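For reference, the structure is listed below as structure tokens.
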Amino acid sequence: MNAATELARRHRWRWWEALPWVVSLACYFAFPNYLAFGTQVLITILFALSLDLVLGYAGIVTLGHAAFFGAGAYTVGMLAMHWGWNEPLSGLLAAALVAGTIGLASGLVLLRTQGLALLMLTLCTMALLEQAANMGAAWTGGFDGMPGLSFGKILGVFGFDVLYYRSQYLYALAALFACFLLVRMLVYSSFGQSLTGIRENLLRMHAVGAPVRGRQVLAYAVSAALAGVAGALFTQANGYVNLAVLGLERSAGVLIVLILGGYGRLYGAFVGAVAYMLLEDVLAKAYPTAWQLGLGVTLVVVALYARNGILGMGDALWRRLQNRAAP
Amino acid sequence: MNFGALEVARKVNFRLARGARHALIGPNGAGKTTFVNLLTGLLLPSRGSILLEGEDVTSLPQARRVKRGIARTFQINQLFRGLTVQENVGIAVSERLGIGGAMLRPAGKRSDVMAEAARLIDMLKLGDDAGRRVVELPYGRQRLVEIAIALGLNPRVLLLDEPAAGIPSTETHILLDAIATLPKDIAVLIIEHDMDLVFRFADRITVLVSGSVFAEGTPAEIAANREVRAIYLGTALDG
Amino acid sequence: MDVISVLLGGMAAGMVLFVVSVGLSVTMGLMGFVNLAHGAFAMLGGYAIVLSMKHWGLPFPAALAFGFVFVAAVSVVAERLLYAPLYRASELDQVLLTIGLVFVMIAAVTLGVGPETQTVVLPAWLSGQTDLGFLQYRTYSLALIAAGTALMLALWLGFERTRIGARIRAAVDNRRMAQSMGVDVGRLFTLTFALGSGLAAIGGGLGAEILGLDPQYPFRYLAYFLIVVAVGGLGRIAGVFFAAILIGVLDFVLKIYFPKGGTLFIYALTLILLLARPQGLFGKRVG
């Protein structure tokens, strides 16, 4: 059965799937002065990947995903500042747990609604966390955040390199790889397929007896945990955390990254993050207002004509070429 | 039940026997689809109750009724349009087998799901299209996918809402053949306008008019019923 | 500060919120379109009003009219070209389009005018204080309260008593049925969108005194407009009115007595409210 065998082979690794990792490692050697920037890109990829799980696969539109990024970031920061717990790997784990729990709790409550109400509720949840962080200055450092954090050695061997971000880069890359493996496994599993079903036709999923809300909540919680890991990496790699890890700007930013790359495609996060951050780094500093204008125009164009992002356009092009080749 | 000021499905005392091959007919707007929506849990009745083999399922949501064994097709296809036929049927089978939420193994490696989906696809003569996305198929074949999904749920009660609508008349036999292969103790209810199909399929026919049961009986009785023929302006029931 | 002054101050702010948000509530209820750019239209209007007063010397009421017409015209163009293609699109696409529009409008304003906050010079008859007998209060705030209430009544009457209002209400309640009864839904959308955006423009101008006016205006107040709409209920004029007053007063009060926790309280309240009643205080329960 042709279709069945094709499905059975879909999860297998294809050769080009090694490219992102090979290229990332190559960058480590080729651009030793840009590893700080590279680390931010890797962190953004992870954040966008987490959003893809909930938005691209489960179809939940959220403007508040920064809540989980921030939760992870602040967890690691507070552990280091108040309890002197600065072991990096366990910090990641703690961040994942905290963010995931918040995701589970909020998902159980929020996902009873849909449409505008849900969108508003995701915004409100994030805004609540932001305000709490602002107010709880004793814990979170309030508006100024917690600067000057230092973290222990990774695996007891690799220290954080404040100047050149050498170990941070590889550390982030390793964390991204591990999380990516998890997401990839989920996406290709029956669970992932059911998420796609929920996104494609909610009514039909109900009509095949799927426990839709349970699946959505689970996807939301896992996604939250992953976003928390990204946030934790942010704090650990940069040595500080402040209110900017929460808030509409960060949520909108990661949404834009994912859409630009192409949601629901696993690698959209990679393409989007690299493209967006490179452009931003070059253009935004030189011409901030023009950058904003260009970004706005791009979003409008994408919304109208290219809602599947760069990868989507690539897909369409590929299909057109194939149709032209075959009679 | 009531839609605002409009009362639909007013007095329906309906019994679907085990193993039934039952058809529900009636003029447009009679409330047939509403009736199926009530049975499956898409709508909740303002009065009355729905019993499945003695168990009251009136308050159960759609998904739970499916787990109890009620499956349906929709009048307008409700498919996963971006996915292939194989995947569409596979999702239904996975849910039925209870592994829809499994996270570890890739979906494509579930040989039990794949085999069962393949069997259903073959039964509905969709084998050539199994790997194509639903959105690329002609409407008639999409309809068959809709039915394959319902069959994949292994229901005790199968509700088909105008299953033949959109299927070219040369292919409607595929539908009837598929139903013929179903276990004899499954109850099948079809809403249809195609009288030819109705009379080939049904052991029992209920006529619904303006939300109430107008007549019920064997095909012969219904065909002979003057008032029913009047409603259909005579011609259609002469088959 | 005594209670009445605080209440009046909050109500004035609430009125501004109302004038801006009422258009959003109606168009979202009517078109089912998530329009995050509504605040940007308000900003655009604010700038049009303030600048026409500054550079052309228009008197305040004329400037308001100008702002209304200008933004209404812009919104018609935007609606036909950009919004209409996405009426059936997913929520995500609508969010993207409108966020993009916000960026474009903010950039346009920054490039055209500059990043500074704009100040409004109020006409003499609106400045200063009015003696209410038991209290002396800012004339402008009192005028806002009066104008806002008048607007609410006018809109409410317009919706309830005119044929076009009936058509809008019908289309909000059940678009398909309204269409099958001969209502030209497309033209209705454009008209309502223009009206809503025009009102937002006036709100932007009126609120320049209270909310400020600078390029960051849309992002700063987006949440407030959305909260007012969500709490008030889609397409419910009276609902938006009361929600706006509620939020305005709450925010004002909290800023004075709990400067740190105020916003948190509003978000928490909205959260609880939307969970209990996703359709808002006055909205219709969705299927």
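Chains as they are written, first to last, in our numbering: chain A, 1 to 327; chain B, 1001 to 1239; chain C, 2001 to 2287. Note that beta-carbon positions come from the ideal geometry of N, C-alpha and C, so glycine has one too. For clarity, every value in this text was computed on a predicted model and none was experimentally measured.
Taking the Cα positions, residue 277 of chain A is about 17 Å away from residue 238 of chain A. The alpha-carbon of residue 2230 of chain C is positioned some 21 Å away from that of residue 2083 of chain C. The residue among B/1071, B/1043 and B/1157 with its C-alpha nearest the C-alpha of residue 1058 of chain B is B/1043.
If the five residues before and after residue 134 of chain A are omitted, its C-beta is found closer than 7 Å to the C-beta atoms of 142, 143 and 243, all from its own chain and listed in chain order.
In the DSSP assignment, residue 1106 of chain B forms a beta bridge with A/189. Taking a Cβ-Cβ threshold of 9 Å, the residues of chain C close to residue 132 of chain A are 2264, in chain order. The alpha-carbon separation between residue 2201 of chain C and residue 2141 of chain C amounts to approximately 18 Å. When the Cα atoms are used, residue 1147 of chain B and residue 219 of chain A turn out to be separated by approximately 29 Å. In the DSSP annotation of this structure, the continuous segment of the alpha helix (DSSP H) that includes residue 2168 of chain C starts and ends at 2163 to 2173.
In the DSSP assignment, residue 1022 of chain B falls within the beta strand (DSSP E) that extends over 1021 to 1025. Residue 2189 of chain C is classed as buried because its beta carbon has at least 16 other beta carbons within 10 Å across all chains shown.
Taken in chain order, the complete alpha helix (DSSP H) segments of 4 or more residues contained in the stretch 48 to 91 of chain A are 66 to 83.
Look at residue 2217 of chain C here: in three-state DSSP terms it is helix.
Membership of residue 1187 of chain B in the beta strand (DSSP E) is indicated by the continuous run 1187 to 1191. Membership of residue 2137 of chain C in the beta strand (DSSP E) is indicated by the continuous run 2136 to 2138. Runs of beta strand (DSSP E) with 3 or more residues, each lying fully within the stretch 1136 to 1172 of chain B, are found at 1157 to 1161, listed in chain order.
At a Cβ-Cβ threshold of 9 Å, residue 1178 of chain B and residue 1151 of chain B count as neighbours. Annotated three-state conformation of residue 158 of chain A is strand, per DSSP. Closer than 9 Å to the CB of residue 1144 of chain B there is not a single CB belonging to chain A.
Contact between the stretch 2115 to 2125 of chain C and the stretch 2088 to 2107 of chain C is absent, with fewer than three C-beta pairs closer than 8 Å. At a Cβ-Cβ threshold of 9 Å, residue 2003 of chain C and residue 2252 of chain C do not count as neighbours. Residue-level contact by beta carbon holds for residue 2279 of chain C and chain A, with a gap shorter than 9 Å. CA-to-CA, the gap between residue 2075 of chain C and residue 1157 of chain B works out to about 53 Å.
Only residues of its own chain outside the window of five on either side were considered, and among them 1113, 1116, 1117 and 1152 have a CB closer than 6 Å to the CB of residue 1093 of chain B, listed in chain order. One Cα belongs to residue 2191 of chain C, the other to residue 2091 of chain C, and the distance between them is close to 22 Å.
Here residue 1023 of chain B is actually not in contact with residue 1134 of chain B; their C-beta atoms are around 27 Å apart, not less than 8 Å. From the listed residues A/38, A/42 and A/202, the smallest Cα separation to residue 229 of chain A is found for A/42. In chain order, 2260, 2261 and 2264 make up the part of chain C whose C-beta sits under 7 Å from the C-beta of residue 135 of chain A. Residues of the stretch 2206 to 2218 of chain C with a C-beta atom less than 8 Å from some C-beta of chain A do not occur.
By alpha-carbon distance to residue 290 of chain A, the top candidate from C/2281, C/2020 and C/2111 is C/2111.
Against residue 2095 of chain C, the close residues of chain A are 61, in the order they occur along the chain (beta-carbon pairs closer than 7 Å).
Pairing residue 1213 of chain B with residue 1162 of chain B, the inter-Cα distance amounts to about 18 Å.
Across the set B/1143, B/1110, B/1046 and B/1040, the C-alpha of B/1143 shows the shortest separation from the C-alpha of residue 1080 of chain B. Counting other Cβ atoms within 10 Å of its Cβ, residue 2174 of chain C stays below 16 and is therefore classed as exposed. Between the stretch 258 to 272 of chain A and the stretch 105 to 116 of chain A there are fewer than three C-beta pairs closer than 8 Å, too few to call the two in contact. For residue 2010 of chain C, the enclosing alpha helix (DSSP H) starts and ends at 2003 to 2031.
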